[in-house]
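For the sequence shown, the tail end lands on 418 under the working numbering, and the numbers increase by one without skipping.
Idealized CB from N, CA, C, for every residue including glycine.
Working notes, structure below.
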Amino acid sequence: MSTELEQRYRQVLHEVAEAARAAGRDPRSITTIVVTKFHPVSLIRQLLSLGHRDFGESRHQEAGVKAEELAGEDLVWHFIGQLQSNKARAVAQYANVIHSVDRTSLVEKLRTSDRVIDVFLEVNLTEDPGRGGVLPKDLESLTASVLETPTLRLLGLMAVAPLGEEPRRAFERVMSLREGFLTSAPFATQLSLGMSQDFREAVAVGATHLRIGTAITGNRPPQA
Ligand SMILES: *Cc1c(COP(=O)(O)O)cnc(C)c1O
195 MSTELEQRYR
205 QVLHEVAEAA
215 RAAGRDPRSI
225 TTIVVTKFHP
235 VSLIRQLLSL
245 GHRDFGESRH
255 QEAGVKAEEL
265 AGEDLVWHFI
275 GQLQSNKARA
285 VAQYANVIHS
295 VDRTSLVEKL
305 RTSDRVIDVF
315 LEVNLTEDPG
325 RGGVLPKDLE
335 SLTASVLETP
345 TLRLLGLMAV
355 APLGEEPRRA
365 FERVMSLREG
375 FLTSAPFATQ
385 LSLGMSQDFR
395 EAVAVGATHL
405 RIGTAITGNR
415 PPQA
């Protein structure tokens, strides 16, 4: 029996693969993360039974509980939300990848983690410093601090396209920032870009990690 969830899941994977081929890329070079925030563990279990492994969560309180409930399962947790410094150590206990490293105070907290964590540096594409992400002018010093932190393995850059801007233009801004970034971290070539509304554009510019929620899960239940 194929559920609506399964249909949406397969449809999105199909569209990701088509977008990859259209861009001359190997679909296997792209990791689709299903963002399950606000959804119950039962939804994650359904996706696990379809063979999916990569899941994204954005709030520690919720993610920590889910990680504990699913502790025996073979899955990869991606922490994608704004991360408070005082939660960093706790998130590092279960998250395999943190996509939202955006300031040196956070790097300092993660320095004492007892496991190595893969990280993306989140870039703020808006003019509002209150949004998640490092401002472009501070990217270089943040990169330097991550590179000298043995507990962190730098994968690349992450960004969220701002509302009201063409996603492709926003992603192209990331690509131009990335040129400077790669001179200090040449191996950190991965890119976490693209959500339900703009994953096709993200694949076209070279995203390696897509963070897709509603297009697969359906609408999120109201926040608790
Ligand atoms: C919620 C969220 C997503 C997924 O958003 P959808 O529009 O539901 O695909 C992706 N990235 C981040 C950082 C998020 O918080």
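Let me know if residue i comes out buried or exposed under the rule of 16 or more other beta-carbons within 10 Å of its beta-carbon.
i: residue 255; result: exposed
i: residue 245; result: exposed
i: residue 281; result: buried
i: residue 408; result: exposed
i: residue 220; result: exposed
Answer yes or no: the CB of residue i versus the heavy atoms of ligand 1, is any distance below 6 angstroms?
i: residue 274; result: yes
i: residue 229; result: yes
i: residue 389; result: yes
i: residue 335; result: no
i: residue 325; result: no
i: residue 406; result: yes
i: residue 252; result: yes
Determine the direct distance from the alpha carbon of residue j to that of residue i, and round the result to whole angstroms.
i: residue 289; j: residue 327; result: 19 angstroms
i: residue 277; j: residue 266; result: 25 angstroms
i: residue 354; j: residue 319; result: 7 angstroms
i: residue 377; j: residue 312; result: 20 angstroms
i: residue 223; j: residue 357; result: 27 angstroms
i: residue 302; j: residue 349; result: 18 angstroms
i: residue 279; j: residue 299; result: 7 angstroms
i: residue 406; j: residue 417; result: 18 angstroms
i: residue 249; j: residue 269; result: 7 angstroms
i: residue 341; j: residue 385; result: 17 angstroms
Is any beta-carbon of chain C found at less than 7 angstroms from that of residue i?
i: residue 329; result: The structure shown contains no chain C; it holds only a single protein chain.
Going by beta carbon distance, what residues of the same chain come within less than 7 angstroms of residue i, once the five residues before and after it are set aside?
i: residue 372; result: 351
i: residue 410; result: 202, 203, 206 and 228
i: residue 367; result: 319
Can you tell which of the options has the C-alpha that lies nearest to the C-alpha of residue i?
i: residue 399; options: 217, 259, 378 and 243; result: 217
i: residue 496; options: 303, 335 and 259; result: Because residue 496 is not part of the residues shown, which for the chain are 195 to 418, the question remains open.
i: residue 241; options: 300, 199 and 362; result: 199
i: residue 262; options: 235, 280 and 411; result: 235
i: residue 293; options: 264, 284 and 251; result: 251
i: residue 284; options: 296, 297 and 306; result: 306
i: residue 196; options: 394, 345, 243 and 286; result: 243
i: residue 321; options: 341, 287, 364 and 413; result: 364
i: residue 296; options: 230, 393, 346 and 314; result: 314
i: residue 392; options: 403, 383 and 338; result: 403
Kindly list the residues whose CB is nearer than 6 angstroms to the CB of residue i, restricted to its own chain and excluding five residues on each side of it in sequence; keep chain order.
i: residue 415; result: 232
i: residue 291; result: 272 and 312
Given residue i, which residues of its chain have a CB within under 8 angstroms of its CB, disregarding the five upstream and five downstream residues?
i: residue 323; result: 329
i: residue 369; result: 399 and 400
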